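**Q**
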Amino acid sequence: MTEISLQGNIFKYTNFLYGYQERYFKIENGNILYYLNRESVKDGCRKYRQLFNFAIEVDENDSRRFDIVFPDERWCLRFKSEDESLIWKNALRAFLVSPVPNRSHSVDMHKLAIMAQNMDAQYDHISNFLEGFLGSRAEPVDLTTIEQTIDRCRQLEHNLKQLRALLRMQQVKESIMSEDEWHDADDGDIRLDQEMINEIQKDLAVEKEQQPSGPVLSPLWKEISDLTAEQVKYAKTGVDVGIWELFCEDGAMKMYKREMESEDGLMVDPLKAVHHVKGISAREYIDCFFKPEYKPEWDDTLVKLNVVDKLDEYTFVLHQLHKKVWPAAQRESLFWTHFENVTDQREHDAIDAFVVCNHNVERDDVPLTDGSCVRVGLTIAMLCQTTVSENSKEKTKEELTREDIQCRIYYVAQVHPGGWVPTAALRQVYKREYPRFLRTFTNYVVKKVGDRPLEF
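Heads up: the sequence shown begins at 1 in UniProt numbering, then just goes up one per residue.
1) Using 8 Å as the cut-off, can you tell me whether the segment 331–343 makes contact with the segment 375–386, which would need three or more C-beta pairs spanning the two stretches below that distance?
2) When the Cα atoms are used, what is the spatial distance from A424 to Y430?
3) Identify whether Y314 lies in helix, strand or coil by the three-state DSSP scheme.
4) With 16 as the cutoff for other CB atoms within 10 Å, does I243 come out buried or exposed?
5) Suppose you measure from the CA of A282 to the CA of C45; what does that come to, to the nearest Å?
6) Which same chain residues end up closer than 7 Å to K448 when comparing Cβ atoms and leaving out the 5 residues on each side of it in sequence?
7) Could you have a look at W88 and say whether DSSP puts it in helix, strand or coil?
8) According to DSSP, is I126 helix, strand or coil?
9) Can you list, in chain order, the stretches of the beta strand (DSSP E) that have 3 or more residues and sit fully within the segment 224–293?
10) So, helix, strand or coil for T337, using DSSP?
11) Assuming V317 and V361 form a contact by the criterion Cβ under 8 Å, report the distance between their Cβ atoms to the nearest whole angstrom.
12) Helix, strand or coil for Y434, going by three-state DSSP, please let me know.
13) Could you give the C-beta distance for F354 and K397, rounded to a whole number, given that I count them as a contact under 8 Å?
14) So, for L426: in the same chain, excluding its five sequence neighbours on each side, which residues have a beta-carbon less than 6 Å away from its beta-carbon?
15) If the criterion is Cβ atoms closer than 8 Å, does the pair N31 and R49 meet it?
16) Taking 8 Å as the threshold, find out whether the segment 363–371 comes into contact with the segment 335–344 through three or more Cβ pairs.
17) By alpha-carbon positions, which one of K42, Y234 and R64 ends up nearest to Q345?
18) Pick helix, strand or coil for R23, following the three-state DSSP scheme.
19) For the alpha helix (DSSP H) that contains W420, what are its first and last residues?
20) Just to confirm my understanding: we take W88, look at its own chain, exclude 5 residues before and 5 after, and list those with CB closer than 6 Å. What are they?
21) Give me the residue from H322, S85, V415 and T228 with the minimum Cα distance to V11.
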């Protein structure tokens with residue numbers, strides 16, 4: 001179907017304030033794209049979608065209208081004439097999955113009768129199971145309790161492994177002793193065995209202390225875990241031509257953008273940066289980005305920062321008030337920030353990998369700083385990896401110096417402004433401010449840790 005090509009102006013619903021706005025649409029290469037107008041094609045599309053896994057919903061009261069429904073959004077379209085609507089509708093229908101043709105001669109009525117009997121039996125079986133299951137429990141299942149129980153089971157399993165190892169040591173020791181030696185065993189042996197037991201118990205206690213307790217009990221933990229894993233994959237994904245557009249290149253730093261609007265018509269362009277910094281490790285770079293105490297030193301947009309909650313040593317909830325940029329309303333952000341060692345997901349030429357993921361959160365106990373403020377939505381991730389120069393790959397970590405290493409940075413961000421801001425103005429702001437942020441932050445890190453011993 002990729003050979004189907006169509007283009008023209010269509011009215012697309014933007015938001016309740018501006019209603020339907022005329023946009024320039026194209027169908028090409030199995031995608032549907034739209035632009036502000038025909039003249040802005042050279043500037044890149046405002047949004048595009050692949051034409052699969054979608055549906056067409058027609059308006060019974062208006063033959064010039066229909067909607068394209070994707071799993072996560074809906075495009076409401078209106079055409080100038082019925083003929084134009086029909087042309088676009090037929091072109092889009094060509095991408096829908098064709099139904100299997102009905103072949104009446106292939107129907108086996110005997111098999112259909114057996115299938116009907118089987119379905120009745122299966123229905124009865126499922127109904128009986130549900131009645132028995134629901135009748136056996138008066139209260140609903142508490143997923144938090146299940147998660148805590150699973151954690152306890154894992155801890156017990158770990159403890160059992162340690163105890164089995166101890167028993168094996170005991171059995172080997174006893175198997176080589178004669179009966180006289182067994183009865184003549186002195187107190188020293190008994191004390192030694194007790195010391196071994198105490199040592200194992202001590203190790204278990206240390207491991208228990210090191211396990212994060214906050215996030216496991218927090219309802220945010222699943223969101224934190226899932227979104228962090230998703231952002232690591234997203235950060236490592238390439239910047240394909242045609243999808244990402246390079247808008248800034250400064251030495252080793254490259255910044256890309258994709259133009260996108262939210263359902264309420266606001267600009268939410270995803271941004272991605274790729275950068276390399278010599279003489280700095282991944283851990284040093286990302287520590288400066290993550291730790292709340294460092295933020296006021298490098299983020300000059302901050303007016304105030306408050307640590308609302310500490311879920312564990314590597315997960316905080318932060319509330320930030322940002323400087324007002326006239327004429328827009330003053331912005332603030334409330335989000336969780338999570339640090340994680342993801343060395344097991346590093347790229348082939350890296351020796352380690354760390355990620356920090358930030359995402360907006362809602363809390364009743366943190367109201368707006370002021371009634372005139374607007375709270376932004378955000379999803380931000382920074383993935384850092386340490387790479388070693390070719391002539392230093394034989395060195396151990398302890399032997400490496402700052403001359404041997406560099407930090408590879410992937411930075412991805414998508415921010416919802418929270419309220420109306422002119423799209424053109426907002427794009428001009430981020431094209432200027434995002435490169436400035438990464439340059440300023442990098443200079444801060446180099447100055448902060450450059451004279452310290454190298455840390456991994």
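Virtual Cβ for every residue (Gly too), placed ideally from N, Cα, C. Small disclaimer: the values here were computed from a predicted structure and weren't measured.
**A** This is what the structure holds:
1) yes
2) As a working mapping, residue 424 is identified with position 424 in the sequence shown. As a working mapping, residue 430 is identified with position 430 in the sequence shown. Taking the straight line from one Cα to the other gives about 10 Å.
3) Stepping through the sequence shown from its first residue, residue 314 is reached at position 314. Three-state result, Y314: coil.
4) Residue 243 sits at position 243 when you count from the first residue of the sequence shown. With fewer than 16 Cβ atoms within 10 Å of its Cβ, I243 is classed as exposed.
5) Here the question's residue 282 lines up with position 282 in the sequence shown. Here the question's residue 45 lines up with position 45 in the sequence shown. Counting only the Cα atoms, C45 lies some 35 Å from A282.
6) If you number the sequence shown from 1, residue 448 lands on position 448. Counting only Cβ-Cβ distances below 7 Å, and skipping sequence neighbours, we find C288.
7) Start at 1 with the first residue of the sequence shown, and residue 88 comes out as number 88. Note: W88 maps to helix in three-state DSSP.
8) As a first step, residue 126 is located in the sequence shown; it is residue number 126 there, counting from the start. Helix, per DSSP.
9) 245–250, 253–257 and 271–278
10) Along the sequence shown, one-based indexing puts residue 337 at 337. In the structure shown, T337 sits in a strand (DSSP, three-state: E or B).
11) Counting from 1 along the sequence shown, the entry for residue 317 is found at position 317. Counting from 1 along the sequence shown, the entry for residue 361 is found at position 361. Contact holds; Cβ gap of about 6 Å.
12) If you number the sequence shown from 1, residue 434 lands on position 434. The answer is helix: DSSP assigns Y434 an H, G or I state.
13) For the purposes of this step, residue 354 is taken as residue 354 along the sequence shown, with counting starting at 1. For the purposes of this step, residue 397 is taken as residue 397 along the sequence shown, with counting starting at 1. F354 to K397, Cβ: 15 Å. No contact.
14) Along the sequence shown, one-based indexing puts residue 426 at 426. Within the same chain, L426 has close Cβ partners M267.
15) Counted from its first residue, the sequence shown places residue 31 at position 31. Counted from its first residue, the sequence shown places residue 49 at position 49. Cβ distance < 8 Å, so N31 and R49 count as in contact.
16) no
17) Within the sequence shown, residue 345 is the residue found at index 345, counting from 1. Answer by Cα proximity: Y234.
18) Taking the first residue of the sequence shown as position 1, residue 23 is located at position 23. In this structure, R23 counts as strand in the three-state DSSP scheme.
19) By one-based count along the sequence shown, residue 420 stands at place 420. Taken as a continuous stretch (DSSP letters only), W420 belongs to no alpha helix (DSSP H), as it is neither H nor E.
20) The residue labelled residue 88 in the question sits at position 88 within the sequence shown. Closer than 6 Å at Cβ, skipping near neighbours: no residue.
21) For the purposes of this step, residue 11 is taken as the residue at position 11 of the sequence shown. The residue you asked about is not Val; residue 11 is Phe in the sequence shown. Closest in C-alpha terms to F11, from the list H322, S85, V415 and T228, comes S85.
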